[in-house]
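A short worksheet on the structure shown next.
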Amino acid sequence: MSTLDVLTPRERVRQDGEAIAAIYRNLGPAVAEQMVARALGELALAMAGIAAQVRAHELADLSRQLKKLQRMAEGLGMVSLGTVGQDARDCLERGDATSFAAVWARLLRVAECSLAPDQGTAGLSR
4 MSTLDVLTPR ERVRQDGEAI AAIYRNLGPA VAEQMVARAL GELALAMAGI AAQVRAHELA
64 DLSRQLKKLQ RMAEGLGMVS LGTVGQDARD CLERGDATSF AAVWARLLRV AECSLAPDQG
124 TAGLSR
């Protein structure tokens with residue numbers, strides 16, 4: 004009898020806390036908190052929209068949406084999310100469906116880790 008091992012991918016999310024720190028320095032704590040919260044909400048909505056497009060196989064505008072996601076993530080110091088978003092675009096533009104499926108699964112994991120409510124801004128320097 005053989006044994007079946009289940010592998011559970013885990014993502015180490017890289018974030019640059021300096022991006023958020025610069026926003027707080029430039030805008031002050033009250034305004035920065037509102038701006039960061041709004042930007043995170045918009046990022047989550049963008050990711051949800053992209054996920055809906057992928058589920059519906061509507062790939063025509065997907066590269067542009069992934070670029071937008073990448074820029075938003077980088078603006079908030081979410082290095083991993085931006086990088087994997089770019090990787091997904093690369094696969095899509097090459098027409099490599101197998102690679103895109105694998106990178107898409109990774110993008111979903113990274114987005115889940117990056118946008119988790121318990122992440123907060125305290126863990127952005129990882």
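Every position in the sequence shown, counted from 1, becomes a number in the working numbering once 3 is added. Cβ coordinates follow ideal geometry from the N, Cα and C atoms, glycine included. Here the structure is a predicted model, which is why all the values come from computation and not from measurement.
{"Check": "The alpha helix (DSSP H) enclosing glutamine 89, as first and last residue numbers", "Outcome": "82-97"}
{"Check": "Glycine 78 to valine 9 span [Cα, whole Å]", "Outcome": "36 Å"}
{"Check": "Backbone CA spacing between glycine 80 and alanine 42 [nearest angstrom]", "Outcome": "12 Å"}
{"Check": "Residue environment, valine 87, which counts as buried when at least 16 other CB atoms sit within 10 Å", "Outcome": "buried"}
{"Check": "Cβ-based neighbour list, leucine 69, same chain, cut-off 8 Å, excluding 5 preceding and 5 following", "Outcome": "Ile53, Gly88, Gln89, Ala91, Arg92, Leu95"}
{"Check": "Host alpha helix (DSSP H) of proline 12 (start-end)", "Outcome": "Here proline 12 belongs to no alpha helix (DSSP H), and DSSP marks it neither H nor E."}
{"Check": "Straight-line gap, alanine 104 to arginine 112 (C-alpha atoms, nearest Å)", "Outcome": "13 Å"}
{"Check": "Cα-Cα separation between glutamate 45 and alanine 100, rounded to whole angstroms", "Outcome": "27 Å"}
{"Check": "Boundaries of the alpha helix (DSSP H) in which arginine 58 is found, first to last residue", "Outcome": "32-58"}
{"Check": "Own chain, CB closer than 7 Å to valine 82, minus 5 neighbours either side, in chain order", "Outcome": "Arg17, Gln18, Asp19"}
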